[in-house]
Structures are given as C-alpha cells and as structure tokens.
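Counting in my numbering, the sequence shown runs without a single skipped number right up to 235 at its last residue.
Ideal Cβ positions, reconstructed from N, Cα and C, are used throughout, including at glycine.
All values derive from a computational prediction rather than experimental measurement.
Worksheet for the structure shown next.
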Amino acid sequence: MNVQDQRLAPRAYQQILDMILSGKTRPGEQLNERQLADMLGMSRTPVRDALLMLEAEGLLVRQGRMGVQIKQMHIDEFLDALEVRALLEPAVSRMAAGKVDHAALDELERSLHGAIEMADATGRGMDRSQTRWIDDTLHNLISDSAGNAQLSAIVRNLRRKTQIFDLKTLPERAVVTCHEHLDIIAALRLGDGEKTAEAMALHLEQVRASIIARLSRR
C-alpha cells in the first residue's frame with residue numbers, strides 16, 4: 018500500500034462506520050468494495066483495508082466470494098455486549114471523573130438542553146443524528162479521559178456493536194437518555210467518581226431494561 022492509501026484508509030473506515038451506525042446501510046446488507054470506492058472517491062485499496070478493520074471489530078461478516086455483509090446482531094449478542102459495558106463503563110467513568118475538560122462538558126450540556134427543547138417544541142421526537150453525536154461524544158470523552166488507551170478501545174468497540182440497536186429500536190428512550198446523560202455530566206463536573214459511576218451504571222441498566230421490556234411486548 019502506498020502512502021496515499023495509508024492516509025485514506027482511516028477516512029474510509031470512518032465514513033463506512035458512519036454509514037453503518039447512522040442506518041444508511043442495514044444489518045444483513047452486502048457491501049461492494051468497488052461501489053464503496055466509487056462513492057467515497059478513492060481507490061479500492063484503502064476501502065479494502067477499512068473493510069478488514071470493520072470485520073476485525075465484528076461489525077462486518079465475511080461471505081466468501083460475495084464479500085462482506087453488515088453483521089446482523091442477535092438480541093442475545095447485544096445483551097452480552099451491554100453486560101460487559103455495564104461492568105466496564107462505570108469503572109471507566111469513575112477513573113475519568115475530575116479529568117474531563119469542562120469546556121467539552123459545557124458544549125455537550127448545551128447540546129442536550131437544545132435537543133430536549135426542540136423535541137418538546139416540535140413534538141416530533143429527537144433528531145437521531147444529533148442524539149447519536151451527543152451520545153458518541155460523551156461516552157468517547159469519558160473513555161478517553163480515563164487515561165487507559167486499551168480500556169478506551171475496548172469500550173469504543175463494545176459501543177459500536179450495541180449502537181446497531183440504538184434509538185431506532187427505542188425511540189421512546191431518546192429524551193430519557195438525554196436526561197441520564199445530563200446526570201452523568203453533572204457528576205463528572207463535580208469530579209465525584211462514585212456518583213459518576215452510579216450515573217453511568219443506572220443509564221446502562223435503563224437501556225437494558227427498556228430492551229427487555231420491548232421484547233416482552235412482541
């Protein structure tokens with residue numbers, strides 16, 4: 018791979034990941050290397066490398082000569098990943114308390130209040146792209162601030178897997194999630210490790226409870 022392809026591979030990775038997590042592509046859908054390269058305006062080499070990275074993270078599944086397919090995560094796999102998150106993220110949040118940049122927290126807090134106010138004013142619910150950005154930014158900020166790169170990488174990977182369900186599965190959770198995020202931010206701002214860990218644990222338990230409640234209604 019030449020230097021240009023090495024530089025393009027991370028960009029291809031991020032763009033394809035965004036397509037998966039935003040719902041522009043669906044679980045079970047085949048991804049065509051040539052079509053992706055044309056769409057992204059780059060050669061097939063960085064796209065191929067990006068697909069290999071996403072496959073290694075468990076978001077894509079190799080289908081022999083057919084290429085790769087977006088993984089269809091079963092509910093038991095989702096709950097397993099969420100259980101691991103529930104073990105790790107409160108501890109990571111405790112480690113991050115007192116280390117997170119307050120300016121970043123201020124921006125997130127403003128965004129959360131704005132999203133809640135907009136949803137209340139329009140009655141149309143939350144903007145999914147905005148809430149996903151807030152969710153990603155907050156959780157990544159916490160894991161990156163903990164000071165352990167390996168833990169941060171593990172948490173990010175687990176979150177990507179559970180995001181396949183995200184708010185498209187639980188739209189009723191959107192506003193509640195914003196309030197839970199505000200509680201986490203308040204604890205982080207205080208630098209209180211125990212309160213931050215408790216707020217994160219409660220948030221993840223509520224996600225789990227909502228998923229189980231949704232399944233029981235089917």
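- For R79, the enclosing beta strand (DSSP E) stretches over residues 77-79.
- When DSSP reads this structure, V85 sits in a beta bridge with L48, R79.
- Less than 9 Å separates the beta-carbon of G75 from that of N174.
- The C-beta separation of Q47 from Q86 comes to about 5 Å, placing the pair in contact by the 8 Å criterion.
- Per the Cβ contact rule, the region 124-138 is in contact with the region 196-210 (3 or more Cβ pairs under 8 Å).
- Distance from the CA atom of A191 to the CA atom of R145, rounded to whole angstroms, is 8 Å.
- Collapsing the DSSP output to three states places A163 in coil.
- Counting every other CB atom within 10 Å of its CB across the protein chains shown gives R51 a total below 16, marking it as exposed.
- If you draw a straight line from the Cα of R206 to the Cα of T213, it is about 9 Å long.
- Taking one beta carbon from each stretch, the region 219-229 and the region 96-114 have 3 or more pairs nearer than 8 Å; the two touch.
- Out of R28, T148, E106, D161, the CA that lies nearest to the CA of H220 is found in E106.
- The alpha carbon of A230 has as its nearest neighbour, out of G210, M217, E189, the alpha carbon of E189.
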